[in-house]
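In the UniProt record's numbering, the protein residues as written are 1 to 268.
Backbone N, C-alpha and C fix where the C-beta goes; we use that ideal spot for every residue, glycine too.
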Amino acid sequence: MSRIAISSDNHLDVNRLERQMVLNQQAEYLINHKIDVYIMAGDWYNYFEKTLRFAEDLQNIVGPSILIRFLAGNHEMGHGVSFDELEQDLSPLYFHNKSLKLDDLTLIGNNGWYDYSFAQGPQKEQAEQFKNGFYYDGLIKQSMSDFERTTFSINQIKSQLKSIEDEEKVLMVQHFAPHNLDLIYPADFPKWQMINGVMGSKRYMNLYQNDSRIKQVVYGHAHLNVPTREIKTTKYYNVSVGYRRSKANEWTEKTFFENWSKKLFQNC
1 MSRIAISSDN HLDVNRLERQ MVLNQQAEYL INHKIDVYIM AGDWYNYFEK TLRFAEDLQN
61 IVGPSILIRF LAGNHEMGHG VSFDELEQDL SPLYFHNKSL KLDDLTLIGN NGWYDYSFAQ
121 GPQKEQAEQF KNGFYYDGLI KQSMSDFERT TFSINQIKSQ LKSIEDEEKV LMVQHFAPHN
181 LDLIYPADFP KWQMINGVMG SKRYMNLYQN DSRIKQVVYG HAHLNVPTRE IKTTKYYNVS
241 VGYRRSKANE WTEKTFFENW SKKLFQNC
């Protein structure tokens with residue numbers, strides 16, 4: 001069986017981490033644990049080009065026996081890349097709208113998006129206004145609405161699924177959250193109930209829970225430390241490492257490497 005590892009939301013720039021140190025740590029771990037495929041599921045840097053270069057350098061260090069792939073999170077999308085470019089095959093390592101067959105398992109990668117279906121509370125109708133005015137994603141330009149962009153993403157996944165045999169198993173990798181069951185909706189903080197609208201879309205889970213081939217879904221974006229959640233026959237894994245800042249320490253361990261390895265998805 002091929003060994004797969006997946007991580008998300010390393011935020012190397014926001015966390016002020018030394019690039020070469022992280023490259024060396026992750027490369028050594030992947031080699032020592034005999035990983036065959038490592039997927040970076042978005043939000044490595046606030047620039048697409050920097051994440052691409054990190055993936056390329058990691059691939060060069062580990063050599064051809066380990067496949068490195070990456071998705072773009074909203075932080076990559078904010079600088080140096082257009083919507084149209086994100087939908088192109090920018091690199092062999094870029095895994096958006098692609099699949100990879102490993103034995104009886106097929107990996108499908110998609111950046112994903114959000115449609116405000118997670119928004120709740122008295123301010124939920126203001127989620128799009130918040131996104132365009134105050135949220136990082138206001139930097140991201142696109143030629144369609146957020147609902148339409150999510151539909152576009154879901155149709156890409158449906159197209160990938162159509163090409164897969166009925167008896168095969170599927171592991172889905174995306175950046176944005178496919179369900180809101182682990183999100184926090186504090187009653188005394190209606191703004192946060194609204195902000196959850198930019199975390200993902202319920203439509204992803206609606207698609208996945210009706211396809212018995214999809215056994216595992218790995219995602220990030222929502223910086224949560226939550227256990228694996230099983231819905232029908234599908235297991236969902238949040239692998240986001242998150243921030244370590246004075247005002248927002250989302251790590252449960254002392255060092256980046258300890259948090260990264262603790263949150264890392266591995267299929268065996």
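Option nearest tyrosine 208 by Cα separation, candidates Val239, Leu171, Phe152, Ile184: As a first step, residue 208 is located in the sequence shown; it is residue number 208 there, counting from the start. Checked all of Val239, Leu171, Phe152, Ile184; the closest Cα to tyrosine 208 is Leu171.
Distance CB(serine 8)-CB(tyrosine 204) smaller than 9 Å: Taking the sequence shown and counting its residues from 1, the one referred to as residue 8 is at position 8. Taking the sequence shown and counting its residues from 1, the one referred to as residue 204 is at position 204. No.
Would you decide whether glutamate 76 is buried or exposed? Buried here means 16 or more other CB atoms lie within 10 Å of its CB. Sequence index remark: in the sequence shown, residue 76 carries index 76 (1-based). Label assigned to glutamate 76: buried.
State the DSSP-derived secondary structure class of tyrosine 135, mapped to helix, strand or coil. Taking the first residue of the sequence shown as position 1, residue 135 is located at position 135. Correct three-state label for tyrosine 135: coil.
Might you give, ordered along the chain, the residues of its own chain that have their beta carbon closer than 7 Å to the beta carbon of tyrosine 29, omitting 5 neighbours on each side? By one-based count along the sequence shown, residue 29 stands at place 29. Its chain contains Ser261 as the residues whose beta carbon lies nearer than 7 Å to that of tyrosine 29, once the 5 sequence neighbours on both sides are disregarded; these appear in chain order.
3-residue-minimum beta strand (DSSP E) runs that sit fully inside the stretch 46-118, ordered along the chain: 67-70, 98-102, 105-110
Is the stretch 19-37 touching the stretch 126-145 in the sense that three or more CB pairs, one from each, lie closer than 8 Å? No: the two stretches stay apart, fewer than three of their Cβ pairs being nearer than 8 Å.
For threonine 233 and chain B, any beta-carbon pair shorter than 9 Å? In the structure shown, chain B does not exist; there is a single protein chain.
Is glycine 242 buried or exposed, if buried means 16 or more other CB atoms sit within 10 Å of its CB? Translated into positions along the sequence shown, residue 242 becomes position 242. By the 10 Å Cβ count, glycine 242 comes out buried.
Measuring only the C-alpha atoms, how far is residue 278 from aspartate 57? Absent from the structure is residue 278, since the part of the chain shown begins at 1 and ends at 268.
Taking the alpha-carbon positions, what's the leucine 107 to valine 217 distance? Walking along the sequence shown from the start, residue 107 turns up at place 107. Walking along the sequence shown from the start, residue 217 turns up at place 217. Rounded to the nearest angstrom, the two C-alpha atoms are 10 Å apart.
Let's see if you can read the secondary structure: which residues bound the alpha helix (DSSP H) around alanine 5? Reading the sequence shown from its first residue, position 5 is the one you call residue 5. From DSSP, alanine 5 is part of no alpha helix (DSSP H) but of the beta strand (DSSP E) over 4-7.
What are the start and end residues of each continuous beta strand (DSSP E) run of 3 or more residues lying completely inside the stretch 191-243, in chain order? Taken in chain order, the complete beta strand (DSSP E) segments of 3 residues or longer contained in the stretch 191-243 are 214-219, 229-231, 234-238.
Determine the contact status of glycine 112 and phenylalanine 176, defining contact as a CB-CB distance below 9 Å. As a working note, residue 112 is residue 112 in the sequence shown. As a working note, residue 176 is residue 176 in the sequence shown. Cβ distance < 9 Å, so glycine 112 and phenylalanine 176 count as in contact.
Provide the residue span of the alpha helix (DSSP H) that contains isoleucine 154, from first to last. Working through the sequence shown from its first residue, we reach residue 154 at position 154. Per DSSP, isoleucine 154 is one residue of the alpha helix (DSSP H) stretching across 146-162.
Quick check: what's the CA-CA separation for leucine 90 versus alanine 187? Within the sequence shown, numbered from 1, the residue matching residue 90 stands at position 90. Within the sequence shown, numbered from 1, the residue matching residue 187 stands at position 187. The straight-line gap from Cα to Cα measures roughly 43 Å.
Secondary structure at tyrosine 38, three-state DSSP: helix, strand or coil? To locate residue 38, count along the sequence shown from 1; it is residue 38. Looking at tyrosine 38 - three-state DSSP - the assignment turns out to be strand.
Three-state class that DSSP yields for phenylalanine 265 in the structure shown: Position 265 of the sequence shown, counting from 1, holds the residue named residue 265. Phenylalanine 265 falls in the strand class under three-state DSSP.
Could you tell me the alpha carbon to alpha carbon distance between glutamate 18 and leucine 12, rounded to whole angstroms? To locate residue 18, count along the sequence shown from 1; it is residue 18. To locate residue 12, count along the sequence shown from 1; it is residue 12. Those two C-alpha atoms are separated by around 8 Å.
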